[in-house]
Structure formats: structure tokens, C-alpha cells
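>
Number of protein chains: 2
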Amino acid sequence: MLDLAIVESLEETSKKVNSYIDNCEYFNSFALPEITDGLKAYFTRGGKRIRPALALWACGAVGGDIDKVIPAASGLEACHTWTLIHDDIIDNDDTRRGDDSMHIIGEKFAKSNFYTSSFENKSFGETYSILIGDMLHGISVSMILDSVKVGVSPEIAIEICKLLESNIALSLIEGELLDVKFEYMKLEDINTDLILSMIIGKTAVLIKYAATIGAMIGLNTTDINDKRILALGNFALNIGIAFQLQDDILGLIADEKELGKPVGSDILEGKKTLTAFYALEKFTEEEKTKFLTIFGNSNASPEDVKIAVKMIIDAKALDRTRDMAEDLVKVALKKLSIIEDSKYKELLISFANYMIERKY
Amino acid sequence: MLDLAIVESLEETSKKVNSYIDNCEYFNSFALPEITDGLKAYFTRGGKRIRPALALWACGAVGGDIDKVIPAASGLEACHTWTLIHDDIIDNDDTRRGDDSMHIIGEKFAKSNFYTSSFENKSFGETYSILIGDMLHGISVSMILDSVKVGVSPEIAIEICKLLESNIALSLIEGELLDVKFEYMKLEDINTDLILSMIIGKTAVLIKYAATIGAMIGLNTTDINDKRILALGNFALNIGIAFQLQDDILGLIADEKELGKPVGSDILEGKKTLTAFYALEKFTEEEKTKFLTIFGNSNASPEDVKIAVKMIIDAKALDRTRDMAEDLVKVALKKLSIIEDSKYKELLISFANYMIERKY
Numbered sequence: 001m002l003d004l005a006i007v008e009s010l011e012e013t014s015k016k017v018n019s020y021i022d023n024c025e026y027f028n029s030f031a032l033p034e035i036t037d038g039l040k041a042y043f044t045r046g047g048k049r050i051r052p053a054l055a056l057w058a059c060g061a062v063g064g065d066i067d068k069v070i071p072a073a074s075g076l077e078a079c080h081t082w083t084l085i086h087d088d089i090i091d092n093d094d095t096r097r098g099d100d101s102m103h104i105i106g107e108k109f110a111k112s113n114f115y116t117s118s119f120e121n122k123s124f125g126e127t128y129s130i131l132i133g134d135m136l137h138g139i140s141v142s143m144i145l146d147s148v149k150v151g152v153s154p155e156i157a158i159e160i161c162k163l164l165e166s167n168i169a170l171s172l173i174e175g176e177l178l179d180v181k182f183e184y185m186k187l188e189d190i191n192t193d194l195i196l197s198m199i200i201g202k203t204a205v206l207i208k209y210a211a212t213i214g215a216m217i218g219l220n221t222t223d224i225n226d227k228r229i230l231a232l233g234n235f236a237l238n239i240g241i242a243f244q245l246q247d248d249i250l251g252l253i254a255d256e257k258e259l260g261k262p263v264g265s266d267i268l269e270g271k272k273t274l275t276a277f278y279a280l281e282k283f284t285e286e287e288k289t290k291f292l293t294i295f296g297n298s299n300a301s302p303e304d305v306k307i308a309v310k311m312i313i314d315a316k317a318l319d320r321t322r323d324m325a326e327d328l329v330k331v332a333l334k335k336l337s338i339i340e341d342s343k344y345k346e347l348l349i350s351f352a353n354y355m356i357e358r359k360y
Numbered sequence: 001m002l003d004l005a006i007v008e009s010l011e012e013t014s015k016k017v018n019s020y021i022d023n024c025e026y027f028n029s030f031a032l033p034e035i036t037d038g039l040k041a042y043f044t045r046g047g048k049r050i051r052p053a054l055a056l057w058a059c060g061a062v063g064g065d066i067d068k069v070i071p072a073a074s075g076l077e078a079c080h081t082w083t084l085i086h087d088d089i090i091d092n093d094d095t096r097r098g099d100d101s102m103h104i105i106g107e108k109f110a111k112s113n114f115y116t117s118s119f120e121n122k123s124f125g126e127t128y129s130i131l132i133g134d135m136l137h138g139i140s141v142s143m144i145l146d147s148v149k150v151g152v153s154p155e156i157a158i159e160i161c162k163l164l165e166s167n168i169a170l171s172l173i174e175g176e177l178l179d180v181k182f183e184y185m186k187l188e189d190i191n192t193d194l195i196l197s198m199i200i201g202k203t204a205v206l207i208k209y210a211a212t213i214g215a216m217i218g219l220n221t222t223d224i225n226d227k228r229i230l231a232l233g234n235f236a237l238n239i240g241i242a243f244q245l246q247d248d249i250l251g252l253i254a255d256e257k258e259l260g261k262p263v264g265s266d267i268l269e270g271k272k273t274l275t276a277f278y279a280l281e282k283f284t285e286e287e288k289t290k291f292l293t294i295f296g297n298s299n300a301s302p303e304d305v306k307i308a309v310k311m312i313i314d315a316k317a318l319d320r321t322r323d324m325a326e327d328l329v330k331v332a333l334k335k336l337s338i339i340e341d342s343k344y345k346e347l348l349i350s351f352a353n354y355m356i357e358r359k360y
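For the record, the sequence lines run as chains L and W. Letter by letter, the first sequence follows residues 1 to 360 of the working numbering. Letter by letter, the second sequence follows residues 1 to 360 of the working numbering.
#1: Does the Cβ of Thr127(W) have 16 or more other Cβ atoms within 10 Å, making it buried, or fewer, making it exposed?
#2: What do you reckon, are the CB atoms on His80(W) and Arg51(W) nearer than 7 Å?
#3: By Cβ distance, which residues of its chain are closer than 6 Å to Asn238(W), with the 5 residues on each side in sequence left out?
#4: Find out if the Cβ-Cβ distance for the pair Val148(W), Ala157(W) is shorter than 7 Å.
#5: Identify the contact partners of Ser29(L) in chain W, using a Cβ-Cβ distance below 8 Å as the criterion.
#6: In the DSSP output, what is Arg96(L) paired with across the bridge?
#7: Out of Ile356(L), Asp65(L), Asp100(L), Ala110(L), point me to the one whose CA is closest to Gly240(L)'s CA.
#8: For Asn234(L), does the three-state DSSP call read helix, strand or coil?
#9: On a Cα-Cα basis, can you pick out the residue from Leu347(W), Leu56(W), Met216(W) that is closest to Ile6(W)?
#10: Indicate whether Leu268(L) and Ser298(L) have their beta-carbon atoms separated by less than 7 Å.
#11: Taking 7 Å as the threshold (beta carbon to beta carbon), is Gly138(L) in contact with chain W?
#12: Should Tyr115(L) go down as buried or exposed, given a rule of 16 or more other Cβ atoms within 10 Å for buried?
#13: Leaving out the 5 sequence neighbours to the left and right, which residues in its chain are closer than 6 Å to Val263(L) when beta-carbon positions are compared?
#14: Going along chain L, which residues have a C-beta under 7 Å from Pro154(W)?
#15: If you draw a straight line from the C-alpha of Ile105(W) to the C-alpha of Leu76(W), how long is it?
#16: Using only CA atoms, which one of Ser74(L), Asn113(L), Lys122(L) lies nearest to Ile89(L)?
#17: Can you say whether Phe119(W) is buried or exposed, counting buried as having 16 or more other CB atoms within 10 angstroms of its CB?
#18: Using a Cβ-Cβ distance cut-off of 7 Å, determine whether Met406(L) contacts chain W.
#19: Say whether chain L places a C-beta atom closer than 7 Å to the C-beta of Ile339(W).
#20: Who are the near neighbours of Val180(W) in its chain, counting only those whose CB is closer than 7 Å to its CB and skipping five residues on each side?
#21: Interface residues of chain W around Glu120(L) at Cβ under 9 Å?
#22: Under the three-state reduction of DSSP, which class applies to Tyr360(L): helix, strand or coil?
#23: Listing by chain order, which chain L residues have their CB less than 9 Å from the CB of Ile35(W)?
#24: Please classify Phe440(W): does DSSP put it in a helix, a strand, or coil?
#25: Measure from the C-beta of Asp366(L) to each C-beta in chain W and report whether the shortest distance is under 7 Å.
#26: Against His86(W), what residues of chain L qualify as contacts under a CB-to-CB distance less than 7 Å, listed in chain order?
#27: Applying the 10 Å Cβ sphere with the 16-neighbour rule, what's the burial state of Ala31(L)?
#28: Distance check for Asp22(L) and Gly47(L), CA to CA, integer angstroms please.
#29: In terms of alpha-carbon separation, which member of Leu54(L), Ile35(L), Asn28(L), Thr36(L) lies closest to Val365(L)?
#30: Mind pulling the chain W residues with CB within less than 8 Å of Ala110(L)?
#31: Flag this pair as yes or no: are the beta carbons of Ala78(W) and Ile160(W) separated by less than 7 Å?
#32: Can you check whether the CB of Ala315(L) is closer than 7 Å to the CB of Lys282(L)?
#33: Assuming contact is defined by CB atoms lying nearer than 7 Å, are Glu165(W) and Ser166(L) in contact in what I supplied?
#34: Could you name the residues of chain L that Phe43(W) contacts, counting a contact when the two beta carbons are closer than 7 Å?
#35: Determine the chain L residues that contact Tyr379(W) at a beta-carbon separation under 7 Å, and present them in chain order.
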């Protein structure tokens, strides 16, 4: 699905970022070896490094030297990673990228090193993952500030670090808190505006940030109101939202083997997606009642799930989400009109289309 | 116990730092009002602001303008605060400075806003305090970098931020992890060297950092090997350790009313203090067995606790700890010999003596 140029560019970015992270001195200064193991664990499991790639492409698209973005792009990936570590505790997710999540790593460490109860091992696992996340947060900040070592001005390094720590990360965490609150709130108190705020905070702002800092470093300016920086940032914001919408669509109708998780699990979990709420808006009271016997009911049968998906499709909610994702990509591509043609601009355009064309 | 000059200077520092934090824009950008409430909660409860004060005094002691330290000192206090928030989850401490700790604030928020079970409210409380701590971490970084707004050079702002995020905070968190591990480890695997490492990491390095950044800003240099910066940093490191040792001593023999918590609670909790382990080193096998029926036994009677304290005193472990604390303060004061006389140097000297003279 991804065209060859993107695949190659993503691989190239991954190599550079992985190598920077591998060689980063900050991971190796601990008396307790389980700290270094934890800090490196998520990075060694692949991941497409989409955010770092966007930062590099945005820099290239404004004519900058992409190698100057490597420390900041690595710090951005480290930021994404520490938020995943803490989210995994909060969401009680026991796996991440096909292996143990951080609190499970900690729990297993306790099990094999101490002689305590399973309750205590679990508690140690949570402690461990809170602290590993906190450490990686600190390392992420330092990586970004290390941009000065590759020729980024101290003023720009400070601006991109502050933009992350006092703005982007706060939105991201607020998005996570809102997502958690959805599980506690009454269904009638949740609406599509709130869900969109959650998606923007939890997913899209960090993607916007990636393109923004790439452009700032590329243009060698702290002026975030520069029109090319705004254009690339808003391009990324829009495709970030589209990315999440496509995720929701695939969660309902993808090929299960390609997706790598059971199709319809969002229905069983009662995940507050825009698509589900578009459907709820359209349902009659009777349909709503029927839908809610399945939505969020972990005991619902596969046949029930199929019925719920069909109800969503019949209510045109899937079409509405798909239209919205397509519109977002169109808006995103328009933003690029002020950017000169280059191979990097081509990569950004292909990537934007991939957001809604991908099948997994 | 604190002399008048210190009391006045601490009050003055508190006012400046509290005012800086109160007016900080980063606390007010949230759609969810419970975030602002949480971020500000611990700051509104007093606290002596010892760390910011040390930063200001160190700056003054090298002839610098102490007002240039306010943003960094506020960021340092915010760093101390976010680590307390996460420690309170980890240590299951339900109060902080006489009021609810952050996870209890979150739990109560859930209780009054959602209609969920007490288990779910508790879980929301943990989520809330993980995320509030993470946000305050980001804000702390931004406050430090905002030093440039009061005339600190970007190079120095970057150095003091990196020093915190890739060094000091990592030691601090490693100290916390080690402290948690003590609860899981066999007693015979713990020794006084390990306990000292824990104290240095968990308490002393952040106090060292306070003096170090004050001196760096005061001297307008990024050279952390400058002899005055090293002197002030090591002064603070030594009094930081002494501070913790005095805490342990007071935990055994203070006046209960002055201390504000039950004397001997460290014995009931089996807290791994240097003093307890000095005693264990001296005990005969018989004494050790007797001591361990009380140490860490939450059901032990007040009489038992008195017996354990007497055993520690008889083993000269309290004297040994007190001697060590006094030696540390002497070493600390010697470090100041290369610093010119000033009212700030006087404050530092008085403060060092206070570390071991304080009764609560």
C-alpha cells in the first residue's frame, strides 16, 4: 500500500533514529541494569518511526538539512514512547508491539528476582513502569536539547523543547485523560465534539509537532507563525486526525489477518469512536436500545458484533467517517500548495494519501 | 531553631517562587478544569522551598543577581513536586503536607463526578495522578528554559535543563526505585553502602543541583567544573545527606508533638535506614533475632518499639549516625572556604548547621 519511495525513506529514517537512540549515552548511566533494559525495551521492537520521518520530510520540504533534525526526531520518538509506557499502565494493556508492556516487564522482573506474592509483583511492575516512563521523559527532553550539537541554534532548541513540554505534551496528556474519562461518563454526556477533541489531543497534536519542528529547524527560525511552518504543521494535524479515523474504520471492517487484532473488538470494548457516535445520532430509540445491548458488552457473540457493524454501516456512519477522513486529507494537501516541489513534498503527499488508503 | 536571617530569607524566597508559579501561564490552558486544580494543589500547601532558597543563596554567594534564578528555582520546585506526586502513588501515601495526595484528589473527583464503584474511583485516582505528575514534569522543564526571559543565556538554560533531565532526575528516580526494591529484597542482601546510594539519589542530588544551578547562573557559565560551582554543589550534596540522616535520628528519638508523626513509625514500617543497619551490624545473632521480631512488624506494641530504639542506642548506632551527619556538615562547611564572605555565605553556613541541630 505504501509506495516504494515512502518505504525506503521510512527505513532510512528508522535506521538513523534507531542508531542515534542506540548510541545515546543517557541510557547507560545506571547502577541498576534493569533500568537500561526497560528504557530500551520498546525501541527494539520496530515501530515505523512515522513521527520522526514526518519531521525529517518537513525539514527537507523547506530545503533544510535533514540530519540536523535527528536528535529532535529521536527525542520526539522517545516522547511518544514514554507516553505509551504510561498509557499501557492506565489502559491495563499487557502487550505493546507484540511483546510485554512495561508494567509486565517489571512484574516479571519482580517474579524472578524477589520472593513475593503475585499481588506485590504486579505492584512492583506498576512502580517500575511509572519510573521508567519518567526517566524516558527526561531523556527525551535532553535529546531534543542536544539538537545544538548538530548545529541547531540554542534559541531554536529551547523553543522546540518548550513547545513540546508546555503545549504539545500537555494536550496529549489531556487527550489521554479525556479518553479515560469516557469510560466513566454516561453515554449521553459524550458527543462527537468531545471525541474529536480527544483524537486531536491524543494523536494529532504530536504528529503536527513533528512537521512543525522539522520546518523550524529547516528554516532556522523560532517564528512558529512563519507561513510554511503553519502550513506543514496544519498539513500534519489534518492527516493525524485522518489517520485515527481510518483506524476506527479498519477496526470495524478490515481483514482480520492484515489488521493483527480481532475486527470488532472496538464494539465489544464500547470504544468511544466518532463512527459509533455518528451511528448513535442516527438511530431510532429502538435501534439505539438494540445497539447498546452489544456495544461495550464483552460477552456479545461474533454474530452480535456483525449485527452492530451492519447497523453502523446502514446508518451511513462509516461513510460519514470515510468522507470526513477524505476531506481532511484534501485539506491537508491544499496546505502544501505553498511548499515548493521536491522529493520530500512528494513523500508528504504520498503519505497523506496512505492515511486513508491503508488497509491495516 | 532556624535563625532569624534564614527564616526571613526562606520567606522571601517562598514569596518570589510562589508568585512566579501562581502567575505561570502553563497552568491555565486546559479544557478540563480538574487539571489546573491538580497541577496547583501541592504548591498551595506551604512547604519551606528549601531547594529554591539554596539556589538563590548559591547565586548570591558567587555575587550573582538572585532574581535571575527565580524561573529555574521555580522549575526545580516543580520537579521536586512532580516526583512527590508519583512517589505518593508508589508508596501508597494518602496524605501530603497535611492534605490529600494527588491520587486521593483524583479518587474523590471520580466519586463526586461519576457513578462508578470504589475500585474504579481508586483506579481513576491513580490515572489522574500519573498524568498530573507527567504534566508538571513538562511544565517544570519549560519553567527552567524560561530562564532566558530574565537574562540567563540560552546556553546556560540548556545546560541546567539537561543536567536535571539526563542526570539529576535519573539519579533521583533510580534512588526511588532502589528504595522500593528494599521492600522486596531479603534483609541480608541490603547493606549500608546500598542505603547510602539510595539517600544520595533520592534526596541529596536534587539539593546539590539547587546550589549548582544557582552558582552557574550567578557566575554566568556552563562550566560545571568551575571550582566555585563544584564547591557549592558538594557543599549542598553533603548537607543533603546530613539532612536525611537527621531525619532518621529524629524518627527514633524526637518529641512526637514537634515531629508531627509517631516516633518509632520507621521501626514499625521496617524502614531501611542507615541507623537500623548500623545497629544490625553490631548485634549478636540473638539480639538480631529479637530486633527483627519488632522491626517491620506493624503489630508491635509501643513498648516493643521502645525496646528496639534502646537496642539501637545501646549498639551506638544512633551515635554513629549523628557523628556521620556532623562530619558531613564539617566537610560541607570546608567546601565553602573558597567562597568570599557575604550575607549569602552566612545563610548557607547557618543552614548547614541547622541540618543537624533541628529537632523536627
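C-beta atoms are modelled at their ideal positions from N, C-alpha and C, and glycine is treated no differently. Everything numeric in this text was worked out from a predicted model, so none of it was measured.
Reading from the atomic positions:
#1: buried
#2: yes
#3: Leu328, Val331, Ala332
#4: yes
#5: Asn167, Leu170
#6: Asp99(L)
#7: Ile356(L)
#8: helix
#9: Leu347(W)
#10: yes
#11: yes
#12: exposed
#13: Ala254, Glu256
#14: Pro154, Glu155, Ile158
#15: 23 Å
#16: Lys122(L)
#17: exposed
#18: Nothing about residue 406(L) can be read from this structure; chain L reaches only from 1 to 360.
#19: no
#20: Ile90
#21: Glu183, Tyr184
#22: coil
#23: Leu170, Ile173, Glu174, Leu177
#24: Residue 440(W) lies beyond the range of chain W shown here (1 to 360); nothing can be said about it.
#25: This structure cannot settle anything about residue 366(L), because the visible part of chain L is limited to 1 through 360.
#26: Ile130, Asp134
#27: exposed
#28: 15 Å
#29: There is simply no residue 365(L) to check, as chain L begins at 1 and stops at 360 in what is shown.
#30: Tyr184
#31: no
#32: yes
#33: no
#34: Those do not exist, as Phe43(W) stays about 17 Å from chain L at its closest Cβ, beyond 7 Å.
#35: The structure shown does not extend to residue 379(W), since chain W is modelled only from 1 to 360, so the question has no answer here.
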